[in-house]
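A short write-up of the structure that comes next.
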Amino acid sequence: MILIATMLVDADHLLATPVFQANRCSLGFHYLHTGYVIAVYFVLLFLRKPFNIIGLGLLLHMLADLIDCMFMFNNCKACFLNAPAIEVLKAIANFLSI
Numbered sequence: 200m201i202l203i204a205t206m207l208v209d210a211d212h213l214l215a216t217p218v219f220q221a222n223r224c225s226l227g228f229h230y231l232h233t234g235y236v237i238a239v240y241f242v243l244l245f246l247r248k249p250f251n252i253i254g255l256g257l258l259l260h261m262l263a264d265l266i267d268c269m270f271m272f273n274n275c276k277a278c279f280l281n282a283p284a285i286e287v288l289k290a291i292a293n294f295l296s297i
């Protein structure tokens, strides 16, 4: 139940303008999907229950978003030229040779 509740992190998508945009990578764009906040999620792993479970759920959520971004980036590299996470996506693509 706690892991499912970590999907509420996507509530920050409602603060974006526009709320939905095709081919937008949420990593680095939405506040709760930025590098600094992801570092806080990592720190949660080392705290007691239920915080470590919440941290795990949030990191798994970020991993799922990263995989989604990689699929989109692989299909349309030009779509991500101005994306905040473009350098991370390029580094992963180079590492995986895609």
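If you're matching positions, the sequence shown starts at 200 in the numbering used here and goes up one per residue.
Here a beta-carbon is modelled for each residue, glycine too, at the ideal position from N, C-alpha and C.
This one's a predicted model, so the numbers in the text were calculated from it and none came from an experiment.
When we look at the beta-carbon of residue i and count the other beta-carbons within 10 Å, is it buried (16 or more) or exposed?
i      : result
Gly234 : exposed
Val208 : buried
What is the rounded straight-line gap between the Cα of residue i and the Cα of residue j?
i      : j      : result
Asn274 : Ala221 : 13 Å
Lys276 : Leu213 : 25 Å
Leu280 : Leu243 : 32 Å
Phe299 : Leu258 : Nothing about residue 299 can be reported from this structure: the residues present for the chain run from 200 to 297 only.
Phe294 : Glu286 : 12 Å
Phe250 : Val239 : 11 Å
Ala215 : Phe245 : 31 Å
Ala290 : Ile266 : 14 Å
Ile253 : Ile297 : 32 Å
Lys248 : Val218 : 33 Å
Thinking C-alpha only, which one of the options is nearest residue i?
i      : options                   : result
Leu226 : Phe245, Asp264 and Tyr240 : Asp264
Ala210 : Leu231, Pro217 and Thr216 : Leu231
Give every residue of the same chain whose Cβ lies closer than 6 Å to the Cβ of residue i, excluding the five residues on either side of it in the sequence, and list them in chain order.
i      : result
Met261 : Ile237
Pro283 : Gly227 and Phe228
Might you give, ordered along the chain, the residues of its own chain that have their beta carbon closer than 7 Å to the beta carbon of residue i, omitting 5 neighbours on each side?
i      : result
Gly256 : Ile201, Leu202 and Thr205
In chain order, what residues of the same chain lie with their CB nearer than 8 Å to the CB of residue i, ignoring the 5 residues before and after it?
i      : result
Leu288 : Cys224, Cys268, Met269, Phe272, Phe279 and Ala282
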